[in-house]
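Numbering (my numbering), first residue to last: 2 to 400.
Note that beta-carbon positions come from the ideal geometry of N, C-alpha and C, so glycine has one too.
What follows is a set of notes on a single structure, which appears directly below.
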């Protein structure tokens, strides 16, 4: 990237992050939390979790703007060149692949529901998921340049759908009903915070890919704060309100009961389509880099990875949403801990890294292990801290 392109202002970056957040999974976080938390506690969990991610995202963005480097290049100092490709590339590749499966599953469920509402044939959800998965993969491979135009339609459409949903909801329900809602089962607040961290942890770690083009470090930080926290909290709140008032946590069912099921479902599919093409594109790119394949192979890699994603959608990965999010929290946040420690704490960042940096890989692994073996819910925050401290100690005491 030429330096004259490093002029992106904070509001443009905020727009990019806003577009990425306004999606069905963001609503799903709210409807999932409200199954076991009150409305106020759900919002509190979101505020703490999203702020935590934005803090480490801002630190990574400062490094990205100073070095004008994307995530994997930036991580090469602490993980080694091959190590960064292996760990960071693999984790990002697999997580975006998982998101692809979940979103294809949502699109498939919506499509099957539309057909039933229109007195059409009853198509199994797995088949619809495969159909939409194929369309999304083909868009990523051949029609990526048209995605921008699809986004121009999809983001305003889902925003209007949400406003309409709230309008319909509050015609027959009061806000007091939302506030006084008590769930049947409980979830510890710390676990809920971990869940909200997991939801945007991938975005936090890959933020240098986008924020490195910011005009200044301040632009990168403001873009992250205003692009993520307000939009993620609003969508969490709307997902929770709709779940409470519609009496179900199934996002597809919620929208089909709002009236105009055809329009609601169509917008749902459109919104899923745009964010999902980004998922499979990023995943294809990550695996392409991982196996050192040239740019010419990118479309083939995306196609191959897409087939795996379609398989995930077909077997109903959506029903494992909570587990998927917790895997993301465990594997992704320690990466940020190691990178931040390398750049800010031990100040050992190197522009010309070696092939493998075992210190970074060991530190990342120790963060992951802590989160796997600990039963206390504080583990969701401790993973990143552990990885940072271990890396700092290794840099200080082992030369």
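- Counting along the chain, the unbroken alpha helix (DSSP H) around residue 165 starts and ends at 148-173.
- In the three-state reduction of the DSSP assignment, residue 85 falls in the helix class.
- If you compare the alpha carbons of 383, 369, 368, 347 with that of residue 398, the shortest gap goes to 347.
- Pairing residue 330 with residue 195 gives a Cβ-Cβ distance under 8 Å.
- Per the DSSP secondary-structure output, residue 215 pairs in a beta bridge with 9.
- A straight-line Cα-Cα distance of about 10 Å links residue 278 and residue 104.
- The Cβ atoms of residue 99 and residue 197 lie no closer than 8 Å to each other.
- Contact check for residue 171 against residue 39 fails: the beta carbons are separated by 8 Å or more.
- Restricting attention to 209, 307, 28, the CA atom closest to the CA of residue 340 is found in 209.
- As the crow flies, the alpha-carbon of residue 274 is around 16 Å from that of residue 263.
- Within a 10 Å sphere around the beta-carbon of residue 53 sit 16 or more other beta-carbons, which makes this residue buried.
- In this structure, DSSP gives residue 345 a helical state, which the three-state scheme calls helix.
- When DSSP states are grouped into helix, strand and coil, residue 192 belongs to the helix group.
- In this structure residue 281 does not touch residue 248 by the C-beta definition: roughly 34 Å separates them, more than the 8 Å allowed.
- Of the residues assessed, residue 147 falls on the exposed side of the cut-off, its CB having fewer than 16 other CB atoms within 10 angstroms.
- The C-alpha of residue 57 lies about 9 Å from the C-alpha of residue 385.
- Here DSSP, grouped into helix, strand and coil, assigns residue 69 to coil.
- The alpha-carbon of residue 272 is positioned some 23 Å away from that of residue 287.
- Scanning its chain for C-beta atoms nearer than 7 Å, with the 5 sequence neighbours on each side dropped, one finds around residue 37 the residues 184, 186, 187, 188, in chain order.
- Residue range 380-398 is occupied by the alpha helix (DSSP H) that includes residue 392.
- A contact is defined here as three or more CB-CB pairs under 8 Å, and the segment 74-89 meets this definition with respect to the segment 348-357.
- In chain order, 124, 126, 129 place their CB closer than 6 Å to the CB of residue 113, counting only its own chain and leaving out the 5 sequence neighbours on each side.
- Contact check between the segment 230-240 and the segment 17-33: three or more CB pairs, one atom from each, fall below 8 Å, which counts as touching.
- A distance of 8 Å or more separates the beta carbons of residue 107 and residue 309.
- In this structure, the beta-carbon distance from residue 42 to residue 190 falls below 8 Å.
- In chain order, 166, 169, 265 place their CB closer than 7 Å to the CB of residue 259, counting only its own chain and leaving out the 5 sequence neighbours on each side.
- Less than 8 Å separates the beta-carbon of residue 179 from that of residue 242.
- In the DSSP assignment, residue 257 falls within the unbroken alpha helix (DSSP H) covering 252-257.
- With 16 or more neighbouring CB atoms inside 10 Å of its own CB, residue 381 falls in the buried class.
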